[in-house]
Amino acid sequence: MNLQIKNIHSYYGNIQALKGVSLELTAGEIVTLIGGNGAGKTTTLMSISGLVPPKRGEIRFNDKPIHKLSPDKIVSQGIIQVPEGRRIFPDFSVQENLDMGAYLRNDKPQIKTDLDYIFELFPILKERRYQSGGTLSGGEQQMLAISRALMANPKLLLLDEPSLGLAPLIIQQIFKIIKKINKEQKTTIFLVEQNANLALQIANRGYVMENGLITMEDKAARLLDNEAVKRAYLGI
Ligand code: ATP
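In the numbering used here, each number is its position in the sequence shown, counted from 1, plus 17.
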């Protein structure tokens, strides 16, 4: 797995959200993208997944261009996004939500293995598998959203603010599991977060984004130690 983003420019109508973003992800990494409100983090994910395709620039996945492909073609290559605010299907059961994650797959035995793995990661989802998604707590819904993405057998998992609106203990639990998925499944993870401190703690590398541009990139440990990052994003 490798992904290269080269100088992409992305827009909403005539509002330019990305002004020449370049970054890359290599196999097995956790890379985080941090930055303030409106910096362009979500748009970067949407550009990768084809929902806001770039007007200029290039995105290559495993050395082939993907920036002109439709979102479903991008999903079928194993690039799976967990959107901000989770967006699970509240009226469907936990199990049905998970089944939907696997809708593009036809390797039945492996789907069952993945489901067992997910229930090991999140036993609470197994307990609640016949309950409707909308009755879960915020943290459980985030677990379900991540699990639904795992059911698609991702090579690259795009996580948009998994910590949003959750209590600190739940956030820690979810971040631990993100790290575990990366380690055990070898899934490459691109993590967009406002919670820069925790995100940098589990990441190998990080990018800082401001105003539609990448302004810094480094090993996560070095960003955690960087004075400007501390002041702007770590509240130190
Ligand atoms: P946040 O953490 O607040 O989600 P972000 O870094 O993810 O911020 P984006 O959501 O990517 O930022 O937004 C980048 C820019 O694009 C902002 O100026 C935002 O106002 C604008 N934008 C985002 N979504 C839309 C939209 N649907 N229509 C118009 N402009 C948008």
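Idealized CB from N, CA, C, for every residue including glycine.
For the set Gly74, Ser110, Phe106, Ser149, the Cα lying nearest the Cα of Val38 is the one of Gly74. Between Gly223 and Gly57, the beta carbon gap of about 15 angstroms keeps them out of contact (Cβ cut-off 8 angstroms). In the structure shown, Tyr28 falls within a strand segment according to DSSP collapsed to helix, strand and coil. Across the structure, Val111 and Ser27 are spaced so that their CA atoms are roughly 35 angstroms apart.
The DSSP-derived three-state label of Leu40 is strand. Sequence-distant Cβ neighbours of Asn199 in its own chain, meaning closer than 6 angstroms and more than five residues away, are Ile47, Ile206. At a Cβ-Cβ threshold of 8 angstroms, Val209 and Glu244 do not count as neighbours. In this structure, Tyr29 has its beta carbon less than 7 angstroms from a heavy atom of the ligand ATP. Asn212 is positioned such that its CB atom lies closer than 8 angstroms to that of Ser180.
Taking a C-beta distance under 8 angstroms as the contact criterion, Val225 and Gly30 do not qualify as a contact pair. Using a Cβ distance threshold of 8 angstroms, Leu174 and Thr204 count as a contacting pair.
Residue burial annotation: Thr130 is exposed, with fewer than 16 other C-beta atoms found within 10 angstroms of its C-beta. Beta-bridge pairing by DSSP links Glu75 to Lys23.
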